[in-house]
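Engineer: Once you've had a glance at the structure underneath, I'll fire off some questions.
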Amino acid sequence: MVPRHLAHGCPGVGARLLGTLPRPADPYAGPVTPRNGQGAALRADAARNRARVLQVAREQLAAGDDSLQLNTIARLAGVGVGTVYRHFPSRHALREALSAERFQELVDEAQAAAGEEDALAGLHRLLRFTLTHALDDTGFAAVLESPSDTDARTAELKAELDGNVAHLLDRARRTGVIRHDVEADDLRRLVCGIEHAVRSGGDDPTRTEIYLGILLEGLRPAH
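Under the numbering used here, read the sequence shown as residues 2 to 224, first letter to last.
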């Protein structure tokens, strides 16, 4: 769940959320050749449509509907189905766009955690932040856990996240605050376990910190 090394996801968690829908035929689709300065107007119209689709998708999520059915969103946004698919060819592509701001926050947090003087404290900080946001937003968790990305910006953010986490883990191992044999993939699996444990326990937020404490104690080198 944390970075690309940690971003292959808990088995089944991402797969349930990333269904790609077949692209419907759009009777109005076809090559458009802007004339007489219409290009800028067409681009502005496309930007407005994209923003409207994202707004409706956020409203759906806020209302408790995380299915993100593209046909339904098109109807509620007042745009054609083909318009939605041109911007977001799958539900996962839409989730990536919706999660972009939160993903940037995670990257910023990872950078700050990597700069912590105490590497173990930095690791705790990053894991807590990641778990809190993933538990709060299943769409964000799906994007974080997905092994593939449709948006280039998402791939860039994951690569940046990878670098910060790799640096943090390397420093934690070198300073002896965690076991020397701990790898990023180990953390991914352990964090996935905590996420599952918290959800199965009724999403009690107090359990997150308890489980994180147990994890961090287990990461310490044996004396």
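Idealized CB from N, CA, C, for every residue including glycine.
What you are looking at is a predicted structure, and each value in this text was computed from that prediction instead of being measured.
How should residue 72 be labelled, buried or exposed, when 16 other C-beta atoms within 10 angstroms of its C-beta is the threshold for buried?
Structural biologist: Indexing the sequence shown from 1 puts residue 72 at position 71. Exposed: under 16 other Cβ atoms inside 10 Å.
Engineer: Return the chain-ordered list of same chain residues with a C-beta closer than 7 Å to the C-beta of residue 211, the five sequence neighbours on each side being excluded.
Structural biologist: As a first step, residue 211 must be located in the sequence shown, where it is residue number 210. Closer than 7 Å at the Cβ level, and outside the excluded window around residue 211, lies no residue.
Engineer: Going by CA-CA distance only, name the one from 114, 152 and 179 that's closest to residue 99.
Structural biologist: Here residue 99 is taken as the residue at index 98 of the sequence shown, counted from 1. If we check each option's Cα against that of residue 99, 152 comes out closest.
Engineer: Whose C-beta lies closer than 6 Å to the C-beta of residue 106 among residues of the same chain, with five residues either side of it excluded?
Structural biologist: To locate residue 106, count along the sequence shown from 1; it is residue 105. Cβ within range, chain order: n/a, list empty.
Engineer: Just to check my reading of the structure: residue 120 and residue 64 have Cβ atoms closer than 8 Å, yes? What is that Cβ distance to the nearest angstrom?
Structural biologist: For this step, residue 120 is matched to residue 119 along the sequence shown. For this step, residue 64 is matched to residue 63 along the sequence shown. Their Cβ separation, rounded to whole angstroms, is 42 Å, which puts residue 120 and residue 64 out of contact at 8 Å.
Engineer: Just the C-alpha distance for residue 94 and residue 86, rounded to the nearest angstrom, thanks.
Structural biologist: On the sequence shown, residue 94 is found 93 positions in, with the first residue counted as 1. On the sequence shown, residue 86 is found 85 positions in, with the first residue counted as 1. Cα to Cα, residue 94 sits roughly 10 Å from residue 86.
Engineer: Is DSSP giving residue 100 helix, strand or coil here?
Structural biologist: To locate residue 100, count along the sequence shown from 1; it is residue 99. Residue 100 falls in the helix class under three-state DSSP.
Engineer: How long is the line joining the alpha carbons of residue 113 and residue 194, rounded to whole angstroms?
Structural biologist: Counted from its first residue, the sequence shown places residue 113 at position 112. Counted from its first residue, the sequence shown places residue 194 at position 193. Each residue's alpha carbon lies about 25 Å from the other.
Engineer: Anyone know if the C-beta pair for residue 155 and residue 97 falls short of 8 Å?
Structural biologist: Counting from 1 along the sequence shown, the entry for residue 155 is found at position 154. Counting from 1 along the sequence shown, the entry for residue 97 is found at position 96. The answer is yes: Cβ separation under 8 Å.
Engineer: Which two residues bound the contiguous alpha helix (DSSP H) that contains residue 89?
Structural biologist: As a first step, residue 89 must be located in the sequence shown, where it is residue number 88. Where residue 89 is concerned, there is no enclosing alpha helix (DSSP H), given that its DSSP letter is neither H nor E.
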